[in-house]
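Asks: Residue numbers (my numbering): 223 to 361.
Note that the Cβ used here is the ideal one computed from N, Cα and C, for glycine as well.
First, the structure itself, so that you have it in front of you.
This is how it looks when you write it as structure tokens:
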């Protein structure tokens, strides 16, 4: 996992660390949502009591925030993608040697996954490429 960070991401990670007291170095932007990846055992702690920590970060940044577990390897690709694109669903996911193929349920879900001018598709491709070093395709 080689995650490239810019200054804005580093600021977001520092704020997350100050409020939740959990250090992480994984931050994803998807569909206007800022997604932090933390170890699975610390997800509940990072949310805080009644989501207090996430609400506080959301108010400061004026962005929606989501916390998901860090993927542990190729066996977690499906769960990682599901967590990012929730509440959308897909029919199946195929993991091959150097690519991941998502089979969509219908055209509307496929269009929503891609987004206007394929913005969401590029964001999701970047996340999969950085975490798993694989290319993403949607069918």
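How is residue 247 classed by DSSP in three states: helix, strand or coil?
Replies: Numbered from its first residue, the chain shown carries residue 247 at position 25. In the structure shown, residue 247 sits in coil (DSSP, three-state: anything other than H, G, I, E or B).
Asks: Classify residue 338: buried if its beta carbon has 16 or more other beta carbons within 10 angstroms, exposed otherwise.
Replies: Position 116 of the chain shown, counted from the start, is the residue given in the question as residue 338. Exposed, because fewer than 16 other Cβ atoms sit within 10 Å of the Cβ of residue 338.
Asks: Helix or strand or just coil, what does DSSP make of residue 359?
Replies: Position 137 of the chain shown, counted from the first residue, corresponds to residue 359. It is a strand residue.
Asks: Buried or exposed: residue 344, going by 16 or more other Cβ atoms within 10 Å of its Cβ?
Replies: As a first step, residue 344 must be located in the chain shown, where it is residue number 122. Burial call: exposed.
Asks: Buried or exposed for residue 268, going by 16 or more other Cβ atoms inside 10 Å?
Replies: In the chain shown, counting from the first residue as 1, residue 268 sits at position 46. Its Cβ being crowded by 16 or more others within 10 Å, residue 268 is buried.
Asks: Return yes when the Cβ of residue 248 is within less than 8 Å of the Cβ of residue 292, no when it is not.
Replies: Taking the first residue of the chain shown as 1, we reach residue 292 at position 70. Taking the first residue of the chain shown as 1, we reach residue 248 at position 26. Yes, these two residues count as a Cβ contact at 8 Å.
Asks: Pick helix, strand or coil for residue 292, following the three-state DSSP scheme.
Replies: Numbered from its first residue, the chain shown carries residue 292 at position 70. Reduced to three states, the DSSP call for residue 292 is coil.
Asks: So is residue 358 buried or exposed if we call it buried at 16+ other beta carbons inside 10 Å?
Replies: By one-based count along the chain shown, residue 358 stands at place 136. Looking at its Cβ environment, which holds 16 or more other Cβ atoms inside 10 Å, residue 358 is buried.
Asks: Spell out a yes or no on whether the region 265-280 and the region 237-244 are touching, meaning 3 or more CB-CB pairs, one atom from each, closer than 8 Å.
Replies: Yes, they touch.
Asks: Tell me where the alpha helix (DSSP H) around residue 256 begins and ends.
Replies: The residue you call residue 256 lines up with position 34 of the chain shown. Premise fails: residue 256 lies in the beta strand (DSSP E), 255-260, not in any alpha helix (DSSP H).
Asks: Do residue 305 and residue 356 have their C-beta atoms within less than 8 Å of each other?
Replies: Looking up residue 305 in the chain shown gives position 83. Looking up residue 356 in the chain shown gives position 134. The answer is no: Cβ separation not under 8 Å.
Asks: How would you write the range of the alpha helix (DSSP H) that residue 345 sits in, first residue to last?
Replies: Along the chain shown, one-based indexing puts residue 345 at 123. Residue 345 -> alpha helix (DSSP H) spans 341-354.
Asks: Please report the Cβ distance between residue 310 and residue 335, rounded to the nearest whole angstrom; I am assuming they are in contact, meaning their Cβ atoms lie under 8 Å.
Replies: Walking along the chain shown from the start, residue 310 turns up at place 88. Walking along the chain shown from the start, residue 335 turns up at place 113. Yes, residue 310 and residue 335 are in contact; Cβ-Cβ is about 6 Å, under 8 Å.
Asks: In terms of residues, what are the limits of the alpha helix (DSSP H) holding residue 331?
Replies: Walking along the chain shown from the start, residue 331 turns up at place 109. Where residue 331 is concerned, the enclosing alpha helix (DSSP H) stretches over 329-336.
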